Amino acid sequence: MPPKFPKGNVRLMTDEDLDGFTLDQLKCRACSGYGNCGYKQMNIYNGKAVSICQMRKKKLQCERDGVPFEM
Numbered sequence: 007m008p009p010k011f012p013k014g015n016v017r018l019m020t021d022e023d024l025d026g027f028t029l030d031q032l033k034c035r036a037c038s039g040y041g042n043c044g045y046k047q048m049n050i051y052n053g054k055a056v057s058i059c060q061m062r063k064k065k066l067q068c069e070r071d072g073v074p075f076e077m
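Under the working numbering, the first residue of the sequence shown carries the number 7, and numbering increases by one thereafter.
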């Protein structure tokens, strides 16, 4: 039986979701100090809980693709 994970904002994450980046590049660094900045997303990756910063991911994608970053 697979482990049960909390329902709600936590979702299973795949390598495709990383979009070629590493977890270290995308991990949330809690810029607000409380993790309530609005860009933090909790995920389950390889059976472990990880927090991903969606703003950091977007910035890295823009840099890689050569497009300007807009919030």
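Don't be surprised by glycine CBs; every beta carbon is placed ideally from N, CA and C.
Since we're looking at a predicted model, the values are computed, not measured.
Would residue i count as contacting chain D if we go by Cβ distances under 8 Å?
{"i": "cysteine 43", "result": "You won't find chain D in this structure, because it holds only one protein chain."}
According to DSSP, what are the bridge partners of residue i?
{"i": "alanine 36", "result": "Its beta-bridge partners do not exist; DSSP assigns none."}
{"i": "methionine 48", "result": "Ser57"}
{"i": "arginine 17", "result": "Asn49"}
Quick check on the burial criterion: 16 or more other C-beta atoms within 10 angstroms. Buried or exposed for residue i?
{"i": "leucine 32", "result": "buried"}
{"i": "asparagine 42", "result": "exposed"}
Pick out whichever of the options has its Cα sitting closest to the Cα of residue i.
{"i": "methionine 19", "options": "Asp71, Ser57, Phe75", "result": "Ser57"}
{"i": "glutamate 69", "options": "Ala36, Phe27, Tyr51, Asn49", "result": "Phe27"}
{"i": "arginine 35", "options": "Asp71, Gln47, Val73", "result": "Gln47"}
Taking residue i and residue j to be in contact with their CB atoms under 8 Å, please state how far apart those CB atoms are, rounded to whole angstroms.
{"i": "glutamine 60", "j": "tyrosine 45", "result": "5 Å"}
{"i": "phenylalanine 75", "j": "lysine 64", "result": "7 Å"}
{"i": "asparagine 49", "j": "valine 16", "result": "7 Å"}
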